[in-house]
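FYI, the numbering for the sequence shown is -17 to -1, 1 to 67, going by mature numbering (1 follows the signal peptide of the UniProt record, and there is no 0).
Glycine included, C-beta positions come from ideal geometry on N, C-alpha and C.
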Amino acid sequence: MILVTVMIAGFVCCAFTLNQRSSGTGHVFDDSPLARAMFRKAARDQNEYITYGEFQNVFRSYDNNTDWKVTEGEFVVQWVKIST
């Protein structure tokens, strides 16, 4: 459960990098190269979805000291690697 929560938080963080604009009927998000890059990195077999196993691999890439927790520092280090 913690694993899923942390990973969802990471993807939500990525969503906040998108530019939001009003469409009149709701909200639309502009395309985000960063979000797409993050998805492609997670979907290693390059299909149109991320499996639970692929999701776990993303979590492990953030958990630098393998304690099954992602600290803010670990998150920021990995985020900077992905976004640059």
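Collapsed DSSP secondary structure at residue i in the structure displayed
i   : result
K65 : Per the sequence presented here, residue 65 reads as Ile, with Lys not at that position. Helix, per DSSP.
N40 : helix
E57 : helix
Y45 : helix
A26 : coil
Y32 : coil
Residue i vs residue j beta-carbon contact at 8 Å
i   : j   : result
V41 : A25 : yes
S44 : Q61 : yes
R23 : E37 : no
E57 : N47 : yes
Environment of residue i [buried if 16+ CB atoms lie within 10 Å]
i   : result
Y35 : exposed
Y32 : exposed
S53 : Position check: residue 53 holds Val in this sequence, whereas Ser was assumed. That one is buried.
R4  : At R4 the pLDDT is 43, less than 50, meaning the model places this residue with poor confidence and gives no usable figure here.
Any non-hydrogen atom of the ligand NAP closer than 7 Å to residue i Cβ
i   : result
L17 : This structure simply doesn't include the ligand NAP, nor any ligand for that matter.
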